[in-house]
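A quick write-up on the structure given underneath.
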Amino acid sequence: MVQAEEQQPAAETPEVLLKQMLGQVEQYGGDAQAIYPQWQKLLEQMTEALLAVLPGVAEERMAQVATQQQQDAMAWLLVRFATLMDEFPLGKIALNKELAIAAYEKALEVITQAADPEGWALIQNNLGNTYSFRIRGDRAENIEQAIAAYQNALLVYTQSALPQDWAMTQNNLGEALRQRIRGDRAENIELAIAAYQNTLLVRTQSALPQKWAMTQMNLGIAYSDRIRGDRAENIELAIAAYQNALQVRTQSALPQKWSMTQMNLGIAYRNRIRGDRAENIELAIVAYQNALLVYTQSALPQDWAMTQMNLGAAYQNRIRGDRAENIELAIAAYQNALLVYTQSTWPQQWAMTQGNLAGALVDLSAQTEDPSKLDEAIDCYEAALAVATHRSYYSINDHYSLGSALAQRYEQQQNPEDLRRALTAYRTALDAISPEHYNRDRYAQMLPQTQTLLGSRLVRDGQWQEGLGLLLKSLEQLRNRDQSSNQTQASSQAPTSAQATTLYEIGRAYEILSDWPNARLYYRDALRLFEDQADDLGTARSRSGLGSILVSQGFFDKGIHHLTAAQETFTQLDLGEEVDKVNKLIQAAQAAKTHQLAQKI
Amino acid sequence: MATADDIFDQSFNNLERLGLRAIPFTASPTNQSSETLQQVFTGREKDLRQVFNQFTSRERRRILVSGRIGIGKSAFLLEVLGVLDRKLPDLLTTYISLPNELDLATTALIAVAKALPNDDWAQQQLYRMGIPTSKVLKARSAEVSGSMGIGGKLGEQDLPITAPEYPAISLDTLLERAREKYPRGVVIAIDDLDKQNPSRVRQLMHDAQGTLKGQAWYLLTGHPLGMTADMLTSERGLFDLQLPLEELDPPTTYQMLINYLNSVRINNDCADPADPRAVLPFTPETARRLCEESRGKPRLFNRLGNAVLAKAADLRAKTITPDVLELGLQASARTRIQEAALGFQEERLRQMLQERGSLSDEDITLDELRQLGFSSFSEVMPLLEKLENFDLAYQLPQEDATTFEALVLPPLEDEASEA
């Protein structure tokens, strides 16, 4: 206790504390190495109250000085304080950023564009950086503020007058534009690329190799994210930019930056469209393994875990080598990542890794035909979903994948409860996904399909009320979807196939319920669609159902006509069991017909 | 210039010219008094016999009257209830049209409670559901004058019906109370199940199995397609009798016309079909045409009869000649199309049906369905049923296919050419 008091002289009030901190900045001339240890001792006192008193303290100090020169000096002290605070890695980072912004803004009251254009531009550039990484407030708005500040800086920093500052702010502006939330994303990325390319006009490899390499890396990321242009070409450009960066960022000279670039390069290879896909995945694996030479679990645990995640994904998609072995390697990598990403410390990353692990377990289960892996996968998805941010991309994706895993388990184990849960999972994914998302169609398709599967299963299990309800509901969804897709697409082939199946299943449901008029109606609807799609199996099944209904109603000739046609197709398709079934129906129908004729005579 | 009073008198004079006090035809039998219904109800002897046979037993039964829309299910139900009322005074008969959003037990509870205006507990049930009754109003005005000042205002609000928490138990209690006064039991007739969505009806029936097997007699009307066949079979034991009503044959329809006209005729009670006076102001020829046009469907018969008499009165005719009949039929067609307020797809369907004469799930092509904007016949069914509801189409009694025929409409002439 006594020792602590000695180390940490207590400041009476926040005002006193702030003045003390400003005094330290003044005393050590803005030297972070000297100042940060002092501030570290004050951590417990660095509270929100500092933010409240900062404007007052700044004004009080300004009022105490007489000349413009002294006022300028005071303002620059605030700028140094802000810059140090912005980069202070301890305490409450969110609060640090707020203090930095407040101090910059106070300084800007004295240092104006008219009085000191270069100084003003420097502060604008720094303010932009702080807004870019601000934690509080609306992220979209913060990025707008950052862009505005950089654009202010560029009013003064021109390429001809101050080329290096211009290049720096162009690079920063590029980063803000790349991350911009408002406006058109495609347009923003184009603007970011243009800003990086501006930067590279000044930052050449020979003159400023490290900065050149940094901008090359940023440019690579922007090309990876690019929406416009040819995706394959963009990935090539990204790879070229990363490789440029690696000419300077070598393992020996800049090991951490080398690793970071290796990781980005790995991601680009994994997404590469051109070249041989198998080869690209090998290159990605090499790049991730390179990154891991520097990113070790003990030294850089987070980077290590992130690279393990990526490595796992690469192994999961690997084409070369033994498939089961690759999946095992993927699982091992994900499990490595989970050593760092624990549920309590990194819940989101933990959930994301659980989701990836689950995907690998699903693959392994299919590969090894080991049903227990599917059970494990389902548990992983559920664990991930318990913590994943609702409506986030990962949550949506995991719900969809969980649905798919449950549907697979249903195929193996025939437990309708799995289908029911699959349906809930699909429904959750579909409710959360944005209407514009490219995956939405795929999700939208799974919902009625699973509903149809579950509906027909329930009908067969005797839960006809619920089963038929589900079937009719999926038919309605399919019809709505087909109608909207007909408006946008020339071809409606794909969607109507699901519709035909659902119509057929409704026919079957009504048949099981001995509701012949409805069974007949739906079988005929299914038949028309299957015939249109030249789906022989569907056509034959619908005819078989329709024939059996007509025979049950006593319309023997019509019934036998459909049954015979079904029998021919089943024979062509070599479906012995179906042929036998239909043959029995035909024989029974012919016997009944003869009996009826005999009675008439 | 004629005053409104003059015009009123003229309208009645015009009808009197036809020898009638009023136009007897109504679109819905619920608008008729029990006496009028007794007078005009015709035919269905076999069906009535089957139903009344059920009542010779003291055991409570459940009867489903099924048939297409407009076939006369409600009239049949009301006629059965009228007869039971007259013949079995120790049996309580109740009638209700199935309200939206209510289950069968609550519906039955409302029907029985309304039929027991002097039973305080029954009225209390209605009062709780926000259904005002004369009894409750009286009780409340007494409260206002007494010490309880808050009683008076509740009934004035148009409160939504709050279904009781345990309707089946409340219904049982009410049925027990009713038995004290009506030892033979209670008949609960629930009409218009076919006006609800078929899947909802299925759910309702599914949920009401306990209620239906309880202490009352049930008479229900519904659409045969609205219920899956397993409900109708005795396997589930839901109904003791399922009675499908068919179209009336031409002689019965002709007799029905005579009965309708007789109920409002001024100076003539001839009811002999062989005597031409029996169908005045129709001629036997136009009477037969009207019956033919109505295809044995009572609701269409009423719609056409109503339009023809109104047109004849307008034209100040004394007799309904073939020309007058034609104009009346045209007016009815126009009214039906107007009342249907068809949407774009429905109108396209009506036109296709009109061109082809009939549409069937058996031979309609995918191209034709696509022309209508659909890909399956089951999707077109609700539209066809709407057309049927407005007597613009009708479903053939065919078992191997679902076929709708256009009700052939006389060519529509402009108002101008008509004048």
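Residue numbers (the working numbering), protein chains in the order written: chain H, 955 to 1555; chain V, 1212 to 1630.
All C-beta atoms in this analysis are idealised placements derived from N, C-alpha and C, irrespective of residue type, glycine included.
This structure is a prediction, so every number in the text was calculated from the model and none was measured.
Note down the Cα distance separating V/ARG1559 from H/ASP1479, rounded to an integer number of angstroms. Position 348 of the second sequence, counted from the first residue, corresponds to residue 1559 of chain V. Position 525 of the first sequence, counted from the first residue, corresponds to residue 1479 of chain H. Rounded to the nearest angstrom, the gap between the Cα atoms of V/ARG1559 and H/ASP1479 is 20 Å.
Please name the residue or residues paired with V/THR1304 in a DSSP beta bridge. Here residue 1304 of chain V corresponds to residue number 93 of the second sequence, with the count starting at 1. Paired residue(s): V/VAL1398.
For the alpha helix (DSSP H) that H/THR1037 lies in, which residues bound it at each end? Within the first sequence, numbered from 1, the residue matching residue 1037 of chain H stands at position 83. Segment 1022–1041, the alpha helix (DSSP H) holding H/THR1037.
Pull up the distance between the alpha-carbon of H/GLU966 and that of H/GLN1067, whole angstroms please. Working through the first sequence from its first residue, we reach residue 966 of chain H at position 12. Working through the first sequence from its first residue, we reach residue 1067 of chain H at position 113. Their backbone Cα atoms lie some 38 Å apart in a straight line.
So, under 8 Å CB-CB, H/ILE1189 and H/ILE1227 are touching, yes? Tell me the CB distance rounded to an integer number of Å. The residue you call residue 1189 of chain H lines up with position 235 of the first sequence. The residue you call residue 1227 of chain H lines up with position 273 of the first sequence. About 6 Å separates the beta carbon of H/ILE1189 from that of H/ILE1227, a gap short enough to meet the 8 Å contact definition.
Where V/SER1239 falls, given that 16 or more other Cβ within 10 Å makes a residue buried: Start at 1 with the first residue of the second sequence, and residue 1239 of chain V comes out as number 28. Counting the other Cβ atoms within 10 Å of the Cβ of V/SER1239 gives fewer than 16, which makes it exposed.
Counting pairs of Cβ atoms below 8 Å between the region 1215–1226 of chain H and the region 1237–1250 of chain H, do you hit three or more? Flag = yes, the region 1215–1226 of chain H and the region 1237–1250 of chain H touch.
For a contact meaning CB atoms closer than 9 Å, what does V/ARG1413 contact in chain H? Here residue 1413 of chain V corresponds to residue number 202 of the second sequence, with the count starting at 1. The contacting residues are GLN1419, LEU1422, GLY1423.
At the level of alpha carbons, what is the spacing between H/MET1039 and H/SER1213? Taking the first sequence and counting its residues from 1, one reaches residue 1039 of chain H at position 85. Taking the first sequence and counting its residues from 1, one reaches residue 1213 of chain H at position 259. Near 28 Å, if we compare the C-alpha coordinates of H/SER1213 and H/MET1039.
Suppose you measure from the CA of V/GLY1362 to the CA of V/ILE1399; what does that come to, to the nearest Å? Within the second sequence, residue 1362 of chain V is the residue found at index 151, counting from 1. Within the second sequence, residue 1399 of chain V is the residue found at index 188, counting from 1. Residue confidence is low: V/GLY1362 scores 26 on pLDDT, short of 50, so the model does not pin down where it sits. Its coordinate-derived value is still stated next. Counting only the Cα atoms, V/ILE1399 lies some 32 Å from V/GLY1362.
Neighbourhood of H/LEU1311 by C-beta, 6 Å cutoff - its chain only, sequence neighbours within 5 removed: Looking up residue 1311 of chain H in the first sequence gives position 357. Closer than 6 Å at Cβ, skipping near neighbours: TYR1288, CYS1334.
May I ask whether a heavy atom of the ligand ADP can be found less than 7 Å away from the beta carbon of H/GLN978? For the structure depicted, the ligand ADP is absent and the ligand set is empty, with no information on it obtainable.
Please report the residue range of the beta strand (DSSP E) in which V/THR1614 lies. The sequence position of residue 1614 of chain V within the second sequence is 403, counting from 1. Its beta strand (DSSP E) spans residues 1614–1617.
Beta-carbon neighbours of H/GLN1453, restricted to chain V and to distances below 9 Å: Against the first sequence, residue 1453 of chain H aligns to sequence position 499. When 9 Å is used as the limit between beta carbons, H/GLN1453 is near these residues of chain V: SER1586, SER1587, in chain order.
Spell out the partners DSSP gives V/SER1571 in its beta bridges. Taking the second sequence and counting its residues from 1, one reaches residue 1571 of chain V at position 360. DSSP lists V/THR1614 as partners of V/SER1571.
Enumerate, from N- to C-terminal direction, the unbroken beta strand (DSSP E) stretches of 3 or more residues contained entirely within the region 1487–1575 of chain V. Those beta strand (DSSP E) runs which fall completely within the region 1487–1575 of chain V and span 3+ residues are 1569–1571.
For V/LEU1577 and chain H, any beta-carbon pair shorter than 8 Å? In the second sequence, counting from the first residue as 1, residue 1577 of chain V sits at position 366. Closer than 8 Å: yes.
Along the region 1554–1575 of chain V, what residues have a CB closer than 9 Å to any CB found in chain H? From the region 1554–1575 of chain V, only ASP1572, GLU1573, ILE1575 have a Cβ closer than 9 Å to chain H.
Can you confirm whether the region 1267–1285 of chain H touches the region 1309–1324 of chain H when touching is taken to mean that 3 or more C-beta pairs between the two stretches lie within less than 8 Å? Yes, the region 1309–1324 of chain H touches the region 1267–1285 of chain H.
For V/ASN1225 and V/THR1530, what's the separation of their Cα atoms in angstroms? Within the second sequence, residue 1225 of chain V is the residue found at index 14, counting from 1. Within the second sequence, residue 1530 of chain V is the residue found at index 319, counting from 1. Cα-Cα distance, rounded: 11 Å.
Please report the residue range of the beta strand (DSSP E) in which V/GLN1606 lies. Taking the first residue of the second sequence as position 1, residue 1606 of chain V is located at position 395. DSSP places V/GLN1606 inside the beta strand (DSSP E), whose first and last residues are 1604–1606.
Might you give, ordered along the chain, the residues of its own chain that have their beta carbon closer than 6 Å to the beta carbon of V/PHE1585, omitting 5 neighbours on each side? As a first step, residue 1585 of chain V must be located in the second sequence, where it is residue number 374. Sequence-distant Cβ neighbours of V/PHE1585 in its own chain, meaning closer than 6 Å and more than five residues away, are VAL1591.
Where V/GLN1265 and V/PHE1252 are concerned, what is the direct C-alpha to C-alpha distance, given to the nearest angstrom? On the second sequence, position 54 is the one that residue 1265 of chain V refers to. On the second sequence, position 41 is the one that residue 1252 of chain V refers to. Separation of V/GLN1265 and V/PHE1252 (C-alpha to C-alpha, rounded to the nearest whole angstrom) is 21 Å.
Does the CB of V/GLU1503 have a neighbour CB from chain H at under 8 Å? As a first step, residue 1503 of chain V is located in the second sequence; it is residue number 292 there, counting from the start. False, the Cβ-Cβ gap to chain H never drops below 8 Å.
For V/GLY1433, write down the residues that DSSP places opposite it in a beta bridge. Along the second sequence, read from residue 1 onward, the residue named residue 1433 of chain V stands at position 222. V/SER1277, per the DSSP bridge assignment.
Counting only C-beta atoms, is H/THR1450 closer than 8 Å to chain V at any point? Mapped onto the first sequence, residue 1450 of chain H falls at position 496. At a cut-off of 8 Å, the C-beta of H/THR1450 has a neighbouring C-beta in chain V.
Since V/PRO1593 is in the alpha helix (DSSP H), which residue starts that stretch and which ends it? Taking the first residue of the second sequence as 1, we reach residue 1593 of chain V at position 382. Element bounds for V/PRO1593: 1588–1600.
Could you work out which residue in H/GLN1256, H/GLN1399, H/GLY1275, H/ASP1372 is closest to H/LEU1408 when comparing CA atoms only? Residue mapping note: residue 1408 of chain H aligns to position 454 of the first sequence, counting from 1. Comparing Cα-Cα distances from H/LEU1408 to each of H/GLN1256, H/GLN1399, H/GLY1275, H/ASP1372, the minimum goes to H/ASP1372.
Please classify H/ASN1050 as buried or exposed, where buried requires at least 16 neighbouring CB atoms within 10 angstroms. Taking the first sequence and counting its residues from 1, the one referred to as residue 1050 of chain H is at position 96. Buried: at least 16 other Cβ atoms inside 10 Å.
Residue-level contact to chain V via CB, H/LYS1547, 8 Å cutoff: In the first sequence, the residue the question calls residue 1547 of chain H occupies position 593. So no, H/LYS1547 is outside the interface.
Residues from the region 1483–1516 of chain H in contact with chain V, defined by Cβ distance under 7 Å: So the close ones are LEU1483, ASP1486, LEU1504, GLN1507, PHE1509, LYS1512.
Which same chain residues end up closer than 7 Å to H/GLN1025 when comparing Cβ atoms and leaving out the 5 residues on each side of it in sequence? Against the first sequence, residue 1025 of chain H aligns to sequence position 71. Closer than 7 Å at Cβ, skipping near neighbours: MET1016, VAL1019, VAL1064.
Candidates V/ALA1482, V/THR1267, V/GLN1549, V/TYR1465: which alpha carbon is nearest V/ASN1513's? Counting from 1 along the second sequence, the entry for residue 1513 of chain V is found at position 302. Per the C-alpha coordinates, the member of V/ALA1482, V/THR1267, V/GLN1549, V/TYR1465 positioned closest to V/ASN1513 is V/TYR1465.
Threshold first: 3 residues or longer. Then list the beta strand (DSSP E) segments lying entirely within the region 1366–1395 of chain H, N to C. Taking only runs of at least 3 residues, no beta strand (DSSP E) segment lies wholly in the region 1366–1395 of chain H.
Decide if H/GLN1553 is buried, meaning its Cβ has at least 16 other Cβ atoms within 10 Å, or exposed. Your numbering for residue 1553 of chain H matches position 599 in the first sequence. The C-beta of H/GLN1553 has fewer than 16 other C-beta atoms within 10 Å across all chains shown, which makes the residue exposed.
Which ranges does the alpha helix (DSSP H) cover as unbroken runs of at least 4 residues, wholly within the region 1271–1347 of chain H, from first to last along the chain? Runs of the alpha helix (DSSP H) inside the region 1271–1347 of chain H: 1277–1294, 1301–1322, 1325–1341.
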